[in-house]
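What follows is a set of notes on a single structure, which appears directly below.
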Amino acid sequence: LNRRLNGLGTTIFAEMSALATATGAINLGQGFPDTDGPESVREAAVRALREGHGNQYPPGPGIPELRAAISDHQRRFYDLSFDPDTDVLVTAGATEAIAATMLALLEPGDEVIAFEPFYDSYAACIAMAGAKRVPLTLRAPSFRPDLDELRALINPRTRLLLLNTPHNPTGMVLTSDEQSAIAALAVEHDLLVVTDEVYEHLVYEGVHRPIAALPGMRERTVSISSAGKTFSFTGWKVGWVTADGPLIAAVRTAKQYLTYVSAGPFQYAVAEALRLPDTYFDNFRTDHRRKRDLLGDGLRAAGFEVYQPQGTYFITTDITPLGEKDAYAFCRALPERCGVVAVPNSVFYDNPEAGRSQVRFTFCKREDVLAEATSRLQHLA
Ligand code: PMP
Ligand code: GLN
């Protein structure tokens with residue numbers, strides 16, 4: 007393993023899901039739903055396969071139908087206009103979008119400011135690009151970014167701000183004022199902004215507003231999202247990037263040599279999914295709000311300190327009230343103790359002390375599964 011990837015070993019999601027499989031515990035660790043997305047969308051994938059749509063290499067930027075659907079989705083929900091021919095790129099999930107963006111836009115030695123706790127692929131992709139990550143620590147209980155701290159981190163080597171809202175793992179959703187302040191800093195210091203918005207349709211308090219919509223941001227912003235979260239098809243690995251043409255062209259250059267193109271038939275199906283009526287998106291959010299409340303109540307009753315998420319399908323907790331202090335050790339032992347798997351947030355921090363007692367649970371599971379998991383957790387203390 008080269009030095010850039012030192013310490014990046016196996017992702018915590020793979021480690022904890024393997025633990026769930028080995029022990030038969032309920033997996034509230036890795037974020038993937040236990041119910042597949044809409045039947046009509048699955049049928050569209052089957053139809054595409056049968057009819058031979060996308061069984062051979064699709065166009066590099068993505069099939070035209072999907073690029074048009076992504077463009078229409080951005081207009082429908084955010085009043086943003088992206089030309090499907092020049093401003094949209096289909097990727098192998100948001101993961102490839104993040105990797106291709108970092109590889110395309112960073113020079114070795116560039117600094118990238120990102121919220122800590124980080125989604126784990128950020129650290130790896132910044133490292134693979136030879137750049138340096140600079141954490142802006144989000145602190146419990148609110149996990150709001152301190153904008154004075156952000157200003158103080160910016161220096162002549164800063165090239166890019168990597169945002170994630172709604173934020174995994176804390177569930178923090180940036181407010182309009184925070185977005186405006188961040189945008190003003192980006193303009194003032196001529197920074198690129200990459201924004202990971204894969205949980206855009208899972209906001210329970212406030213609204214999701216893409217930072218690309220703010221003045222001066224369009225030409226410097228790369229927005230990333232994915233069908234995995236919004237349509238409950240994490241296994242399909244269909245993601246996308248929207249940005250101005252020159253930024254898309256750069257990201258596409260890197261993407262060409264990572265995967266060349268993304269798998270074909272699923273692209274036809276996701277094009278249909280993005281055109282589902284508003285009721286789909288409303289129900290998706292309402293269902294998850296109910297699940298959030300169910301899991302949150304159960305975790306509080308079990309003695310966890312619960313940090314209420316405004317978005318995503320994760321709840322970050324603190325295990326100190328249970329008399330525990332080491333999230334990683336706690337998560338390794340949890341399946342044995344009560345048959346549940348969770349993820350330690352400590353691995354998402356550069357500073358191992360920060361987040362040392364934080365544990366994340368996902369609620370993208372059936373309600374009976376969440377009820378069973380929380381009932382098992384009652385016997386911990
Ligand atoms: N970004 C964040 C914040 C995520 O939580 C995930 C989740 N899996 C991804 C990116 C990756 O998305 P995908 O599965 O589409 O690659
Ligand atoms: N995004 C999901 C999570 O945070 C998992 C993604 C992955 O396993 N890479 O749990």
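Its first residue numbered 7, the sequence shown is counted upward by one per residue in the UniProt record's numbering. For every residue, glycine included, the Cβ atom is placed at its ideal position computed from N, Cα and C. Model, not experiment: these values are computed from the prediction.
Between P172 and Y205, the C-beta spacing is below 9 Å. Under DSSP, no beta-bridge partner is assigned to A348. Taking the Cα positions, E194 is about 16 Å away from L168. Contact check for C370 against F38 passes: the beta carbons are separated by less than 9 Å. With 6 Å as the limit, the residues whose C-beta approaches a heavy atom of ligand 2 more closely than that are T17, F19, Q36, G37 and N174, in chain order.
Listed in chain order, the non-local C-beta contacts of G317 below 6 Å within the same chain comprise P172, G177, V179, Y205, L208 and V209, local neighbours out to five positions each way being set aside.
Only residues of its own chain outside the window of five on either side were considered, and among them Y84, D85 and L86 have a CB closer than 8 Å to the CB of A219, listed in chain order. DSSP lists no bridge partner for Q316. Annotation for T201: L169, I217 and S229 place their beta carbon closer than 6 Å to its own, counting only its chain and skipping 5 residues before and after. Rounded to the nearest whole angstrom, the CA to CA distance from G68 to E49 is 20 Å. For the pair G99 and K261, the CB atoms are not nearer than the 9 Å cut-off.
Between the C-alpha atoms of P252 and D93 there is a straight-line separation of about 8 Å.
Excluding five sequence positions before and after L153, the CB atoms of its chain that fall closer than 6 Å to its own CB belong to A187, given in chain order. For Q364, the enclosing beta strand (DSSP E) stretches over residues Q364 to T368. For A130, the shortest C-beta to heavy atom distance toward ligand 1 is 8 Å or greater. Straight-line spacing of the CA atoms in D91 and R73 works out to 7 Å. For D374, the uninterrupted alpha helix (DSSP H) segment begins and ends at E373 to L383. In this structure, I119 places its C-beta atom within 9 Å of the C-beta atom of T164. Annotated as proximal: E122 and D356, with beta-carbon spacing under 9 Å. Annotated three-state conformation of S186 is helix, per DSSP. Exposed is the label assigned to P147, since fewer than 16 other Cβ atoms lie within 10 Å of its Cβ.
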